[in-house]
Structure formats: C-alpha cells, structure tokens
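Only one structure is covered here, and it is reproduced in the block below.
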Amino acid sequence: MDSINSAGNSPDNHARAREIPLIQRIIAVLWPSFLTAGLATALFFTAFDPLDLAALTDYPDTSRTGAYSIGFFLFWLLTSTTCALTCYFQRPCERK
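In terms of numbering that gives the first Met the number 0, the sequence shown opens at residue 0 and continues consecutively.
Here it is as structure tokens:
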C-alpha cells in the first residue's frame, strides 16, 4: 500500500508530466475554449442583436456576420486566457 502512494508522487511521474509535447498543451487550452466561445457567442447573440450593438460603436457599418465573428473571437480570447491561467496555476510551486 505504501509503495502505491510513493509511486504516485515519484520524481519520474513529475518528469513524465513535463514531457507532454507543447502542441498537446496548446490544444488542451484552445479546444475547450473554442467550444466555450461558440456556446457563449450563441447565447450572447440570442439575447442581443448585433446590428444594435454595432450602432453603439464607432463601426456602424459592420454586418451581422462581422459582428458574430468579432464576438466569437473576443469570447475565444477571453476563454482561452482563463483556460491558460487555470493550467498555469494548477502547476505545483517549487519549495525552497
């Protein structure tokens, strides 16, 4: 029983966790944030008309499709930032 606990916290496990390829770590952030941004865009633009929002900005000639695109990418930026911060703060601190 003691060997099971010690095996889970061994330095080899921490080394293997750091060996995750960079592209896999990037996709682990971007994929869930993409899905969340899609859902947020659908919910947001169900409640608000993009043409009404565009009229309030300096770009009143923005089409609905343009507003949907801008909204989606802003939601994706927001959710990918929060996903990346979650991954960053999940890492253990170094003890001194």
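All C-beta atoms in this analysis are idealised placements derived from N, C-alpha and C, irrespective of residue type, glycine included.
Per-residue burial, residue 78 [other beta carbons within 10 Å of its own, 16 or more giving buried]: Taking the first residue of the sequence shown as position 1, residue 78 is located at position 79. Residue 78 comes out buried.
Residue 41, buried or exposed, once every other Cβ within 10 Å from all chains shown has been counted against 16
Position 42 of the sequence shown, counted from the first residue, corresponds to residue 41. Its Cβ having fewer than 16 others within 10 Å, residue 41 is exposed.
Residue of 25, 69 and 34 minimising C-alpha distance to residue 49: Locating residue 49 in the sequence shown gives position 50, where the first residue counts as 1. The shortest C-alpha separation from residue 49 is found at 69.
Q: Over the uninterrupted alpha helix (DSSP H) stretch that includes residue 63, give me the two end residues.
A: Translated into the one-based positions of the sequence shown, residue 63 becomes position 64. First-last of the alpha helix (DSSP H) with residue 63: 63 to 89.
Quiz item: By how many angstroms is the C-alpha of residue 44 removed from the C-alpha of residue 167?
Solution: The structure shown does not extend to residue 167, since the chain is modelled only from 0 to 95, so the question has no answer here.
Q | Three-way DSSP call (helix, strand, coil) for residue 49 in this model | A | Walking along the sequence shown from the start, residue 49 turns up at place 50. Residue state, collapsed to three classes: helix.
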